[in-house]
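Comments concern the structure below.
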Amino acid sequence: MLEDCKYRELLEENRKLRESVIHLREYDPVTNLYNREAFCASAERTIRQTPQTRFEIICIDIERFKLINELYGREQGDLLLKYVAEQLKCLVREETHIAGNLRDDVFALCIPAYEEEVTVERILRIFSDKPLNSQAVPAVGVYRMDAEEPAAGSMCDRALMALNSIKGNDHHVAVYREGMRENLLREQEITNSMAAGIQNKEFKIYMQPKCNMETGKVVGAEVLVRWQHPEKGLLLPGEFVPLFEKNHFIEKLDLYVWEETAAWVRRWLERGRACVPVSVNLSRMDIFNMDVCSVLTDLMERYQIPTGLIELEITESVYAGQPERIIKETERLKKSGFTILMDDFGNGYSSLNMLSSTNIDILKMDMRFMEGEGLKSLGILDAILHMSKWLNLPVIAEGVNREQHVKTLRSVGCVYGQGFYYYRPMNTEEFEHLLLTPGKVDFADGGRKKVGSGHFLDLTDLFHKDTLTDRLLGNITGAVAQYSYDGTRLCVLRANGEYYRLMDEYWMNKSGHVDVMRDILPEDREKMTDALSRAKESKEKEGAEVFVRKRRGNTVLWLRIRFFCLTSQYGNDIFYAALSDETVRMNSIESLRISEERFRLAMEATNTVIFELDTETRTAYYSEYAQKAFGLDATVANAPEGFIEQGTVCEGYEETFREIYRAIYRGEDKASCVVRAKMGDGSTVLNRITLTAIRDKEGSTVKAVGMVENVSCSEVEDEEK
Ligand code: C2E
Ligand code: CA
Ligand code: CA
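This is the structure:
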């Protein structure tokens, strides 16, 4: 019997263990959803068992999830994944619905095709509800099952293919199309011919000059690769660089391009010619997978290239990935004498404050600012230029292809430009010809002229919390930002992490607007404007403080902002601000004010006056309203005699009046009387006075509350008559 019991226990334990092993094997530990294998297996099973239904696979990826992890911390990242997983679970209540977590932030659903529309809508809603305030944005790829359906694994791949086609752009949903597969095939062809391409020297370096927009002269050039493909003709980098970045061939290609560049510079110098600095592009992969610093210094030595003649462009998004590592690497490169350009700046990956911690030399402003007439994003452009002045960074605008661009850029103080308006990328022979053309090149201007002149405060220093605290802000730490203000728009130039947490926004959100004024409730904007002008008048000393409200979802965020005006440039004022969240405090002050106001109104409406009586000192305290009504001082000592001496109580009523006070002093709970009292304006009014005792924990009276009620028009008066 006992044996049997033990045996069953063991059996049960074994079953539990087996279950947990299966669980571990099949479920993602963070989201508790099926992992890829289990999801595929389960989907295939369901599809097989329900032959009359057409299914589809929907894959969901959280855009820039890495960045979310970085901004809010891994824990928050995991919370977000869990949240999404929970929401997806709610969408798969039926047996024919399956949810999975393919990897990290990639989720998948397998559902009947007729539910696509509703499901996609619900998925989007999960994110539009701003889970955990994270501003997470989804990319959704849909694969609609074919008559002869492939394995679930390749269905997922196709859904992912669709998803990848929209990653990083403004679309959120894409359905798999046949063309996508062709693209894949094309990619395959390229992959097959890339190694031979290097061997046969099919890759060529092209140069695109960079110009000083004030003089129109060439001050440098960027090296851009082209592929003279034996079958496909001349290929632009857009057709192969992204692919090489995926399949890691980019490292080989870049090594080749750098080598070719160094070789060209050497040959050119050997011909006794002067050269402008030329920049090469570095890929994220290069930095992570090779010792770029050693490779490049070795190259400079082998080809005897003078320091400064080869510069390095590193794209902004790289900095957003693993900032510490990149910052360290750029630091090393700089120590070895390289000039570092931050490429594609403003693409949306880095917040401005990232710049203060990266020690780069030149900013290359992304082409997207040049769309249309270049006026669309003038505010941002302006903000970047301001900020670059603060950081003492020269700026090169990319994609300058119209005269209007040049005008606009110059009006905001941008000196350098690169784009089709000046020159298209050209082969080395053409570039050599250009270098030799008299009057076209300025060999002394390396494209390093700072924007505007020097600045008056060291901002790196200023942004350091402690200095900040000491110098300007007393004991306020927390959210700080720099704004530029043109009289209407208040744009963020830089801000710290705390600021973004408080304001719940990236520096540039999707809509691209940076005007903080628009986030402030309309009725508070005047207060803001007023504070800004007060701050401007007071200069650095005290600044100006303001309490304003900002919408946050369905609630309102109360902000205390202290502005300091730092300087004015290009007709804009630059402010520095410390912000704090005063929502809790302001809400309680507000509710107190409202309740007092309500109380006062109620009192006035009922002709009732309330006062406080300190039973120990026998002093009565009156509100302003009561003081006015009865012509009394704020306090009346020695109650009740004090009132009688002042003549407040009309003749004949004194004894009744005294009696209620005596009752309270004796320890009674309540006492009331009706007396005729003289009012502030000399008239007499019949009042009912009620005193109510307030006791402490021991039960002794410490206070009383008096209530005076005008009963002139009531039955009491009629009776008296
Ligand atoms: P990027 O570094 O931002 O290079 C600038 C791109 O903008 C070049 O395209 C250039 O031809 C183009 N461009 C210049 N001015 C204008 C303009 O006024 N209007 C327009 N619409 N475009 C202009 P390209 O040569 O096709 O290169 C595309 C991207 O490929 C580059 O963008 C860079 O990210 C990458 N790339 C090019 N060469 C290399 C390389 O050797 N190594 C690596 N890792 N990446 C490279
Ligand atoms: Ca570049
Ligand atoms: Ca660029």
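Per full-length UniProt numbering, the very first residue in the sequence shown carries number 1; after that it's consecutive.
Beta carbons: idealized from backbone N, C-alpha and C, even for Gly.
Using C-beta distances below 6 Å, list every residue in its chain close to residue i, excluding the 5 sequence neighbours before and after it, in chain order.
| i | result |
| --- | --- |
| T567 | I574 |
| E545 | R562 |
| D486 | N572 |
| N101 | D28, T31, L33, F107 |
| T339 | E311, D361 |
| I664 | A671, L691, A693, A704 |
| A479 | E498, Y499, L502, L579 |
| R676 | C650, Y653, T684, L686 |
Measuring alpha carbon to alpha carbon, tell me which of the options ends up nearest residue i.
| i | options | result |
| --- | --- | --- |
| K527 | Q208, V548, V219 | V548 |
| I62 | T96, R25, A108 | A108 |
| N281 | Y83, E316, T119 | E316 |
| E624 | T615, E616, F611, R618 | F611 |
| I111 | N35, L299, D104, R93 | R93 |
| G419 | T617, N401, S20, L490 | N401 |
| P209 | A221, K217, K201, Y653 | A221 |
| W176 | G238, K217, I205, V140 | One detail in the question is off: residue 176 reads as Tyr in this sequence, not Trp. With distances taken between Cα atoms, Y176 lies closest to V140. |
| K232 | C491, F203, V223 | F203 |
Among all the DSSP beta bridges, which residues are the ones paired with residue i?
| i | result |
| --- | --- |
| E612 | Y621, V705 |
| D229 | Just to set this straight, residue 229 is His in the shown sequence, not Asp. For H229, which the question treats as bridged, DSSP gives the partners G233. |
| E398 | Q418 |
| Q646 | Q646 pairs with nothing; no bridge assigned. |
| V546 | I561 |
| S128 | In DSSP, S128 forms no bridge with anything. |
| A677 | V649, V685 |
| E655 | In DSSP, E655 forms no bridge with anything. |
| G220 | K210 |
Expressed to the nearest angstrom, what Euclidean distance is found between the alpha-carbon atoms of residue i and residue j?
| i | j | result |
| --- | --- | --- |
| L309 | A444 | 12 Å |
| L255 | K407 | 38 Å |
| L532 | E311 | 42 Å |
| L184 | R45 | 28 Å |
| H433 | R302 | 26 Å |
| N14 | D4 | 15 Å |
| G553 | I190 | 48 Å |
| R489 | Y621 | 50 Å |
| T701 | I660 | 14 Å |
| C650 | G699 | 34 Å |
| V636 | D129 | 59 Å |
| N359 | L24 | 45 Å |
Between residue i and the rest of its own chain, which residues show a CB-CB distance below 8 Å, the 5 nearest in sequence each way excluded?
| i | result |
| --- | --- |
| V705 | I610, F611, E612, L613, L691, T692, I694 |
| E26 | Y34, N35, E37, A38 |
| K703 | E612, L613, D614, T615, A693, I694 |
| I198 | K252, L253, Y256 |
| A262 | L299, M300, R302, Y303, I305, I310 |
| Y421 | V400, N401, R402, E403, H405, V406 |
| M679 | A629, F630, G631, V685 |
Can you look up residue i in the DSSP assignment and give me helix, strand or coil?
| i | result |
| --- | --- |
| D442 | coil |
| K670 | strand |
| K16 | helix |
| S712 | coil |
| I689 | strand |
| M213 | coil |
| L312 | strand |
| N509 | Because N509 sits at a pLDDT of 41, beneath the cut-off of 50, its placement in the model cannot be relied upon, and the point is left open. |
| G413 | coil |
| L33 | coil |
| C491 | strand |
| residue 748 | What the structure shows of the chain is the stretch from 1 to 721, and residue 748 is not part of that stretch, so it cannot be assessed. |
| L632 | coil |
| C275 | coil |
| E63 | strand |
| I360 | coil |
| F369 | helix |
| D286 | helix |
Near residue i, which residues of its chain fall below 7 Å by C-beta distance, leaving aside the five closest residues on each side in sequence?
| i | result |
| --- | --- |
| E56 | I111, A113, E116, V142, Y143, R144, M145 |
| D78 | V30 |
| S42 | Y34, I98 |
| E398 | K364, M365, D366, M367, Q418, G419 |
| V318 | R284, I287, I326 |
| D105 | D61, I62, F65, L81 |
| D458 | Note that D458 has pLDDT 37, beneath the 50 cutoff, so the model's placement of it is unreliable and the number below is only indicative. If we look at D458 and ignore the five residues flanking it on each side, it has no Cβ neighbours. |
| C565 | A535, K536, K539, D573, F575 |
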